[in-house]
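First to last, the sequence lines map onto chains A and B. Residue numbering for the first sequence follows numbering that gives the first Met the number 0, beginning at 0 and increasing consecutively. Residue numbering for the second sequence follows numbering that gives the first Met the number 0, beginning at 0 and increasing consecutively. The C-beta atom is built at its ideal place from N, Cα and C for all residues, glycine as well. This structure is a prediction, so every number in the text was calculated from the model and none was measured.
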Amino acid sequence: MTLPRPRIALVALAGLGATFILLPAIALLARVPWATLVAVLGSGLARDAARVSLVVATGAAILAAGLGLPLAWILARVPFPGRSLLRSLVVLPLVLPPVVAGIGLLAAFGRRGLLGPALSVLGIELPFTPAAAVLAAGFVAFPLFVLPVEAGIRALDPRLEDAAATMGASRPHTVRRVVLPLLAPSLWSGLVLAWARALGEFGATIMFAGNLRGRTQTLPLAAFEVAQTDPAAGIAIAVALVAVSAAILVALRGRFLR
Amino acid sequence: MTAARRPGPIAVLIAILLVAPGCARSAGAGADRELVVLAAASLTEAFTEIAGDFERVHPGVRVRLSFGPSDGLAIQIVEGAPADVFAPASPRWMDEVERRGPGVSDRAPFARNVLVVITPSDDPGAVRSFADLARPGLRLVLAAPGVPAGDYAREALRSAGILQPTLANLASNEEDVKAVVQKVVLGEADAGIVYRTDVTPAIRDEVRVVHLPRSVDVTAVYPIAVVASTGTPRLARAFVRAVLGPGQAVLRAHGFLPPP
C-alpha cells in the first residue's frame, strides 16, 4: 500500500518547521572561527570543561536511570490512586525553566535547604560541588529517561513473564533473561537521551553548582562564560557541543520516537 | 472541565500569530517613543528609578532596561543588539564598544562605586576582615573575570597581597554581581565581594558587611554614552543628560559616589 501524496502546503509548512529547528545550528556552523577552532578546543579551559561535562553527564544519566527505572516500573505496572497525577508531575523538570529547577534544588539540598541540616550532619555540603552538578543535570534529565522506559515497560507483554514463571524460572532469572532483553531498546534510548540532555544542562547547574573551572564548569557554562568576552571562542565550544549532541541523536536514528 | 471549553491548538496558534508581530515591532525602532538602555547589573535599582522619573518627564516614552554583566552587554552591542544607551561598570567595556563598533557618542563618567565583602547574616565563615577571605576552607564566590565586579575584586585582593590564597577558596565564578549577592543571601557562600550599592534595603538584614581596608584603593568608575547605532539619538542624549543631571541625586541615594 502506498500512502497518499502529501499536499504541497503541508510539505512547505513541514519544511518551515525543519528550517526553524535547524537554522540556529547551521548559523553557528557558518560562523565557526575555523582558524582558531583547534586552538580553542585544545585550550586548557575547553579540555577541563569537556572532562567535567563527561563526568557530570554520565553521572547524571546513571542517577536518572537508578532512580528512574523503579519509578517507571511502578508507573507502568502498578495501579494506585494518584498514579496519573504522579506521571504528569514526573515530566515537570522538562517544562520548568532550568534556573527555577536550580532554585528548587537549592531550597531542597542547599546549606539552608530542607535537607541541608541533615546533610551537614553527615558532613555533606552539596552546592558548588561536582556532585551538585550531577544532581542538577540528573534532575532535568530525569523525565527523558523515565518517559521512554515507562512506555517500554507498558509495551511488555506480562504473559511472557507468566510463561517463564510457569516453566519454573525464578523472578530474578525472568527479569534477566526475559524482561531486560525486551526492555533494552527503551533503556538504551532513555539513557542516551538523558545523557544528551544532561550534557546541555545550563541553568540549574549554574544556579545550584556554580561555575568553577575544572570542578563544576561544564561545556555549556564554559561556552557562556567565554562568549561574554570572546564570542568566536564561545561559538567554537558551542559548535563542539552541537556536534556531539547531533551525533548522538543521529546514532539513535529516532529510535526513541518509536 | 469539558474538552470543548479548552482553546484548541488552532486558537492558540492564531493568538500567537496575532501577538507575535506586535512583539517584533515593539522591540524594533518604534519612532522616537522607545529607548533601550543596557546597564551594568549593579545599576539595577538606581536606573530603574531614574528610568521611571525619565518616563514621567517624557510622556509617551518607554524606557526598556536590560541589566547584566557589562562584558556580556558590550558583546551584545558589538554583535548588533538594538541599544540606545550603554552604561557599563567599567570603562574597559565602553572602550570595547568604541573600538569594535558600533561606536559611541556623548560619553561621560557618571558615578563611582566601592567594593565591600558581604557574608550571610549568621556569618558561617567567621569573616571579620578582608584578610580573612584568604583563610583556608572559606567558601567564596566572586563575579567571573571579565565582569567588572570580578575584575575589581581581584584587583583589590591583589593590592592587599592575598589574591592567590583567596582564589584557592573560590567556589564559583558568577555571571554578574547580582548572582554573587544572591548566593550569599541564600547562605550558600560564606562570603562574596560586591559593590557597596548592592547591599540594598531589600537584603540589608540578610547580610553582614565587611569593609575593605583603607589601603586597598579600588574604585569602580561607571561611564555612560549614546550608542552610535541608535535610531533615537535625541531621546538617547536626553537620557544621558538625565543621568548626569537629576539622576545624580538618585544615584547618591542608592550609595553611588559622584563621578571623578
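Residues of chain A with a CB under 8 Å from the CB of residue i: which are they?
| i | result |
| --- | --- |
| Val96 of chain B | Correct list: empty, because the minimum Cβ distance to chain A is about 13 Å. |
| Ala143 of chain B | Asn210, Glu224 and Gln227 |
| Val206 of chain B | Here the premise fails: no neighbours, minimum Cβ distance about 14 Å. |
| Ile74 of chain B | Ala226, Gln227, Thr228 and Pro230 |
Count the other CB atoms, across all protein chains shown, that sit within 10 Å of the CB of residue i; report buried if there are 16 or more and exposed otherwise.
| i | result |
| --- | --- |
| Gly244 of chain B | exposed |
| Met206 of chain A | buried |
| Glu173 of chain B | buried |
| Ala8 of chain A | exposed |
| His262 of chain A | This structure gives no information on residue 262 of chain A, because the portion of chain A shown stretches from 0 to 257. |
| Pro5 of chain A | exposed |
| Met166 of chain A | exposed |
| Thr18 of chain A | exposed |
| Phe79 of chain A | exposed |
| His253 of chain B | buried |
| Arg195 of chain B | buried |
| Gln163 of chain B | exposed |
| Pro97 of chain A | buried |
| Gly191 of chain B | buried |
| Gly122 of chain A | exposed |
| Leu22 of chain A | exposed |
| Thr218 of chain B | exposed |
| Arg309 of chain B | There is simply no residue 309 of chain B to check, as chain B begins at 0 and stops at 259 in what is shown. |
| Arg158 of chain A | exposed |
Show which residues of chain B have a CB atom less than 8 Å away from the CB atom of residue i.
| i | result |
| --- | --- |
| Arg111 of chain A | Leu185, Gly186 and Glu187 |
For a contact defined as C-beta to C-beta under 9 Å, what are the partners of residue i on chain B?
| i | result |
| --- | --- |
| Phe201 of chain A | None at all; the shortest Cβ gap to chain B is about 11 Å. |
| Leu2 of chain A | Under the 9 Å cutoff, chain B gives no residues; its nearest Cβ is about 23 Å from Leu2 of chain A. |
| Ile205 of chain A | Ser171, Glu173, Glu174 and Ala178 |
| Leu28 of chain A | Here the premise fails: no neighbours, minimum Cβ distance about 17 Å. |
Going along chain A, which residues have a C-beta under 9 Å from residue i?
| i | result |
| --- | --- |
| Asp70 of chain B | Gln227 and Thr228 |
| Ile223 of chain B | Ordered by position in chain A, no residue passes the 9 Å Cβ test against Ile223 of chain B, which lies about 20 Å from the chain. |
Can you pull the DSSP bridge partners for residue i?
| i | result |
| --- | --- |
| Asn210 of chain A | Asn210 of chain A pairs with nothing; no bridge assigned. |
| His172 of chain A | DSSP output for His172 of chain A lists no bridge partner at all. |
| Leu34 of chain B | B:Val62 |
| Gly191 of chain B | B:Ile117 and B:Val140 |
| His210 of chain B | B:Val115 |
| Ile49 of chain B | In DSSP, Ile49 of chain B forms no bridge with anything. |
| Ala219 of chain B | B:Asn112 |
Nearest by alpha-carbon distance to residue i: which of the options is it?
| i | options | result |
| --- | --- | --- |
| Arg46 of chain A | A:Ala226, A:Arg214, A:Ala193 and A:Ile73 | A:Arg214 |
| Ser69 of chain B | A:Ala245, A:Val174, A:Ala242 and A:Thr228 | A:Thr228 |
| Phe223 of chain A | B:Thr43, B:Ala88, B:Val180 and B:Ile74 | B:Ile74 |
| Trp194 of chain A | A:Pro142, A:Gly115, A:Leu27 and A:Leu44 | A:Pro142 |
| Val103 of chain B | B:Leu250, B:Arg251, B:Ala235 and B:Ile161 | B:Ala235 |
| Val179 of chain B | B:Ala40, B:Pro119 and B:Leu141 | B:Leu141 |
| Phe138 of chain A | A:Leu85, A:Ile61, A:Ala164 and A:Leu74 | A:Ile61 |
| Ala143 of chain B | B:Val209, B:Gly71 and B:Pro222 | B:Gly71 |
| Ala167 of chain B | B:Glu187, B:Ala155, B:Val226 and B:Gly136 | B:Gly136 |
| Ala48 of chain A | A:Leu113, A:Ala239 and A:Ala246 | A:Ala239 |
| Gly124 of chain B | B:Gly186, B:Phe85 and B:Leu156 | B:Gly186 |
| Met270 of chain B | B:Ser65, B:Ala38 and B:Ala170 | Because chain B is modelled from 0 through 259, residue 270 of chain B falls outside the range shown and cannot be assessed. |
| Pro246 of chain A | A:Leu198, A:Asn210, A:Gly209 and A:Ala208 | Residue identity check: residue 246 of chain A is Ala in the sequence provided, not Pro. Among A:Leu198, A:Asn210, A:Gly209 and A:Ala208, the Cα nearest to that of Ala246 of chain A belongs to A:Leu198. |
| Gly149 of chain B | B:Gly67, B:Ser120, B:Val193 and B:Val220 | B:Val193 |
| Ile117 of chain B | B:Pro232, B:Val77 and B:Arg127 | B:Arg127 |
| Ser341 of chain B | B:Leu42, B:Ala130 and B:Arg32 | Residue numbering for chain B in the displayed model covers 0 to 259; residue 341 of chain B lies beyond these limits and cannot be assessed. |
| Ala163 of chain A | A:Arg175, A:Val145 and A:Arg111 | A:Arg175 |
| Ala183 of chain A | A:Ala64, A:Ala235 and A:Arg170 | A:Ala64 |
| Gln216 of chain A | A:Val54, A:Val10 and A:Ser87 | A:Val54 |
| Pro232 of chain B | B:Phe85, B:Val77 and B:Ala110 | B:Phe85 |
| Val206 of chain B | B:Ile223, B:Pro119 and B:Pro258 | B:Pro119 |
| Val208 of chain B | B:Thr229, B:Arg134, B:Val183 and B:Thr165 | B:Val183 |
| Ser185 of chain A | A:Leu155, A:Asn210 and A:Asp161 | A:Leu155 |
Applying a beta-carbon distance threshold of less than 7 Å, which residues of chain A neighbour residue i?
| i | result |
| --- | --- |
| Glu78 of chain B | Pro230 |
| Val116 of chain B | The premise fails here: Val116 of chain B is roughly 18 Å from chain A at the closest Cβ pair, so nothing lies under 7 Å. |
| Arg91 of chain B | What Arg91 of chain B touches in chain A: nothing, since even the nearest Cβ is about 10 Å away. |
Below 7 Å on C-beta distance, what does residue i contact in chain B?
| i | result |
| --- | --- |
| Pro126 of chain A | Glu187 |
| Leu105 of chain A | Leu185 and Glu187 |
Is residue i a contact residue of the ligand ATP, with contact defined as CB to any heavy atom under 7 Å?
| i | result |
| --- | --- |
| Ile49 of chain B | Of the ligands one can find in the structure shown there are none, so the ligand ATP has no counterpart to examine. |
Go through the region 26 to 108 of chain A residue by residue and report every complete run of the alpha helix (DSSP H) that reaches 4 residues or more, in order. 33 to 40, 43 to 76, 82 to 89, 91 to 94 and 97 to 108
Runs of alpha helix (DSSP H) wholly within the region 127 to 167 of chain B (minimum 4 residues, chain order): 147 to 158 and 162 to 166
Next on the checklist: Extract the residue ranges of the beta strand (DSSP E) inside the region 57 to 111 of chain B, only unbroken runs of 3 or more that lie entirely within it.
Outcome noted: 61 to 67 and 84 to 86
Next item on the list: Let me know the alpha helix (DSSP H) ranges lying completely inside the region 202 to 250 of chain A, each 4 residues or longer, listed in chain order.
Entry: 202 to 207 and 218 to 228
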